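Structure representation (structure tokens):
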């Protein structure tokens, strides 16, 4: 780790407990210092409207109700995660049922002819 400056941070008991509970559920986040640094970076990036994306990624802002709905469907096991839910919903809007059926039949026919 590079030699950074040390700062002190005053937090209330409730905020500290919330952070510790989160870190206990998400050990991949590391300790408090790493978590706080990550949170600051995420806040600054979001506030500056900076979205670092790859060629196949799109950053989309959703309303809290939309996120809550997606999270509920993930918790209920309908989707694997948020990305899976959003991809599936977009696919349902973009790709028609007829096209999906035609593609599936075409692939099945092609696969069947290979096994004969």
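Residue numbers (the working numbering): 19 to 134. The beta-carbon is built from N, C-alpha and C at its ideal position, and this holds for glycine as well. These numbers were taken from a predicted model, which means no experiment stands behind them.
Expected contact under 8 Å - CB spacing of residue 97 and residue 106 to nearest Å: 6 Å
Segment limits, alpha helix (DSSP H) that includes residue 21: Run containing residue 21: none; DSSP gives neither H nor E here.
Start-end ranges of the alpha helix (DSSP H) lying completely within the region 26–94, minimum 4 residues: 31–43, 50–65 and 82–93
Minimum C-alpha distance to residue 22 - residue among 36, 30, 42 and 51: 51
Sub-9 Å separation of residue 64 and residue 85 beta-carbons: no
Euclidean distance between Cα positions of residue 38 and residue 126: 52 Å
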